[in-house]
Amino acid sequence: MTTATHPYDALMDITARPKAVFVRGAGSYLWDDNRKRYLDFVQGWAVNCLGHSPPVIADALSAQAKRLLTPSPAFYNEPSLKLAQALVENSAFDQVFFANSGAEANEGAIKLARKYGSLHKGGAFEIISFEGGFHGRTLATMSASGKKAFAPLFEPKVAGFKKAKLNDIASVEKLINDNTVAVMLEPIQGESGVWPATDQFLQQLRALTEAHGLLLIFDEIQTGMGRTGKLFHYEHTGIAPDIMTLGKGIGGGVPLAALLATERASCFEHGDQGGTFNGNPIMCAAGLAVLEEIKKPDFLKAVTETGLLLESELQKVSARHGLGGVRGRGLLLALDLKLPIAPSIVAQAFEAGVLLNAPQLDTLRFMPALNVTKAEIAEMIDCLDGILTKAGAARRVA
Ligand SMILES: *Cc1c(COP(=O)(O)O)cnc(C)c1O
13 MTTATHPYDA LMDITARPKA VFVRGAGSYL WDDNRKRYLD FVQGWAVNCL GHSPPVIADA
73 LSAQAKRLLT PSPAFYNEPS LKLAQALVEN SAFDQVFFAN SGAEANEGAI KLARKYGSLH
133 KGGAFEIISF EGGFHGRTLA TMSASGKKAF APLFEPKVAG FKKAKLNDIA SVEKLINDNT
193 VAVMLEPIQG ESGVWPATDQ FLQQLRALTE AHGLLLIFDE IQTGMGRTGK LFHYEHTGIA
253 PDIMTLGKGI GGGVPLAALL ATERASCFEH GDQGGTFNGN PIMCAAGLAV LEEIKKPDFL
313 KAVTETGLLL ESELQKVSAR HGLGGVRGRG LLLALDLKLP IAPSIVAQAF EAGVLLNAPQ
373 LDTLRFMPAL NVTKAEIAEM IDCLDGILTK AGAARRVA
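Take 13 as the starting number for the sequence shown in the numbering used here and just add one per residue.
Encoded structure:
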C-alpha cells in the first residue's frame, strides 16, 4: 500500500473536479467545507428532482433503514412491489425491473430487446440508436451511445448498434434490415447539449417501428420523472414506446433506476436478468417518496410554469448579449452561447457561488430542482448576466 499524499489522490482521477469538498445541501443550495454557499442549477445532473436532502426522502430512507435494508433479491419486499405498482398505474407499461444506475437499466433494455428478437424475430439483435445519443458507460451502453469521444475507446465495442440521425426518419428507415429488433433514443438528447427529438419525429418512429414489428425504446433517464412538465416525456407526444428506462430523478438523489416494458415486450425468463441490489427496499422507499411528491396536484403544472419562466429569462439574457437560442422543455433547458466560452462561464459562476453545467463548449445546460423558486431563478440569471457582461466587455477590449 502506498500512502496517498492527499485524500484527493486516493480516488481514481476520472474527471477534472474543483477542489471544494461538498458537505451539506438543502433545497437549491449546497455548502462546501469552507462554508461557501452555492446555488445549484446542476443538482447532481438532474438527479435531485426535489432539491438537496428533502425531508420526505430523508424520512423515507431512515424509516426503511430501521425496518429492513434488504431481504435478498430473490425475495419480494414491500417498497419494490409498491413502487412497481405505482409506476405501472401511472404509465403505459405493465412490468418493471429495478436497477441501480441508468446505464444498468439501459443494459437491461438492450438485453430485453435481444431476448425479444430471439423469441419473436428469428434472432434479430440489431438496435438502431442515434448520433449524439448518450446511454451510459457500460460497454454495451457506450456502444449504443453516439457520443464522438466514445468512438475510439475500449475497442472492440459491443456489436449490433447502428447510428441514425435525430429528426431524420429516412436515416432510420435506411438502417432497417432483417436483423433489426429495436430503435432506441432519448426523447431529448441530454448529454450532447439538450437536442430535442421533435414530437413529429417520435410519432414517425412509432409508426415506422410498428410497420416493421420493431420495439421502440425511450431512454427517459434524464427526461422522465417530471423533468419536462409531464411525468414522462412521451406523454407530450400522443404515442408511447414499448420499453422505457428511468434513472436520475427517480431516486431523488439515491442510486435507483428502472426498466419498464409493456406486456408484449416484457419477455425475460428466469435466469436472464437479476442483480444483488436490484429493487432493494431502501432505494425503492426513496423512489416512492419521489413519485408521491411529483403526483401531488399542481406539482407538474408548477414545473411547466417554472420552466417557461426560466426559458423566457434565458431568452432575455440571450437577447441582451447577442447569444443564440434556448432549447429544451420544462426544466431541462440549454442556452446556445454561439462561442466556445461555456467552460469559462461555468468556472466563473462556480467562483461566484452558482453551479452551472457546460455539456458542450458553446452550450450551458440548466437542470435545477423541479421545485426551484422564482427568486432562485432570478439569482442565477443575475449571476449569469454579470458574467456575460464582463465577458462581452473583455471581448470588446481585445
Ligand atoms: C445519465 C444518463 C444515463 C446514464 O445513467 P447512469 O446512472 O449515469 O448510469 C443514460 N442515459 C441518459 C439519457 C442519461 O442522461
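All residues carry an ideal CB built from backbone N, CA and C; glycine is no exception.
Residue j beta carbon less than 9 Å from that of residue i
i: residue 383; j: residue 37; result: no
i: residue 5; j: residue 235; result: Residue coverage of the chain in this structure runs from 13 to 410, which leaves residue 5 outside it and unanswerable.
i: residue 115; j: residue 148; result: yes
i: residue 124; j: residue 28; result: no
i: residue 319; j: residue 249; result: no
i: residue 243; j: residue 307; result: yes
i: residue 291; j: residue 204; result: no
i: residue 393; j: residue 266; result: no
i: residue 329; j: residue 400; result: yes
i: residue 200; j: residue 344; result: yes
i: residue 60; j: residue 381; result: yes
i: residue 215; j: residue 255; result: no
i: residue 316; j: residue 342; result: yes
Check: residue i C-beta below 8 Å from any heavy atom of ligand 1
i: residue 143; result: no
i: residue 155; result: no
i: residue 118; result: yes
i: residue 269; result: yes
i: residue 55; result: no
i: residue 245; result: no
i: residue 234; result: yes
i: residue 160; result: no
i: residue 333; result: no
i: residue 113; result: yes
i: residue 147; result: yes
i: residue 260; result: yes
i: residue 370; result: no
i: residue 257; result: yes
i: residue 265; result: no
i: residue 231; result: yes
i: residue 12; result: No answer is possible for residue 12: the residues shown for the chain start at 13 and end at 410.
i: residue 202; result: yes
i: residue 58; result: yes
i: residue 198; result: yes
Where the beta strand (DSSP E) containing residue i begins and where it ends
i: residue 269; result: 269-273
i: residue 105; result: From DSSP, residue 105 is part of no beta strand (DSSP E); its letter is neither H nor E.
i: residue 230; result: 227-231
i: residue 256; result: 255-258
i: residue 138; result: 138-142
i: residue 345; result: 344-348
i: residue 376; result: 375-378
i: residue 79; result: Segment 67-79 is the alpha helix (DSSP H) holding residue 79; no beta strand (DSSP E) there.
i: residue 370; result: 369-372
i: residue 312; result: Per DSSP, residue 312 belongs to no beta strand (DSSP E); it is in the alpha helix (DSSP H), 311-333.
i: residue 44; result: 41-44
Residue range of the unbroken alpha helix (DSSP H) whose run includes residue i
i: residue 36; result: First-last for residue 36: 34-38, but that is the beta strand (DSSP E), not the alpha helix (DSSP H).
i: residue 29; result: Counting along the chain, residue 29 falls outside any alpha helix (DSSP H), and DSSP gives it neither H nor E.
i: residue 398; result: 386-409
i: residue 156; result: 151-156
i: residue 360; result: 354-363
i: residue 51; result: It is not in any alpha helix (DSSP H) - residue 51 instead sits in the beta strand (DSSP E) that spans 49-52.
i: residue 340; result: Element bounds for residue 340: not the alpha helix (DSSP H) but the beta strand (DSSP E), 338-341.
i: residue 187; result: Where residue 187 is concerned, there is no enclosing alpha helix (DSSP H), given that its DSSP letter is neither H nor E.
i: residue 303; result: 293-306
i: residue 55; result: 55-58
Residues of its chain near residue i, where Cβ-Cβ distance is below 8 Å and the 5 sequence neighbours each way are ignored
i: residue 165; result: 154
i: residue 197; result: 141, 142, 145, 178, 209, 217, 229, 230, 231
i: residue 349; result: 335, 336, 357, 374, 375, 376
i: residue 44; result: 32, 33, 34, 35, 50
i: residue 361; result: 367, 368, 395, 396, 399
i: residue 75; result: 297
Cutoff 6 Å; reference residue i; Cβ partners in own chain excluding five residues on either side
i: residue 50; result: 42, 365, 367
i: residue 289; result: 112
i: residue 302; result: 264
i: residue 326; result: 338, 347
i: residue 221; result: 195, 228
Paired residues, beta bridge with residue i - DSSP
i: residue 208; result: 200
i: residue 176; result: 142
i: residue 110; result: 270
i: residue 194; result: 139, 227
i: residue 264; result: 266
i: residue 366; result: 51
i: residue 64; result: 39
Beta-carbon contacts of residue i that lie in its chain and below 7 Å, excluding the five residues immediately before and after
i: residue 88; result: none
i: residue 174; result: 138, 140, 187
i: residue 47; result: none
i: residue 280; result: 124, 127
Residue i CB to nearest heavy atom of ligand 3 below 8 Å
i: residue 255; result: The ligand content of the structure shown is limited to ligand 1, which means ligand 3 is not among them.
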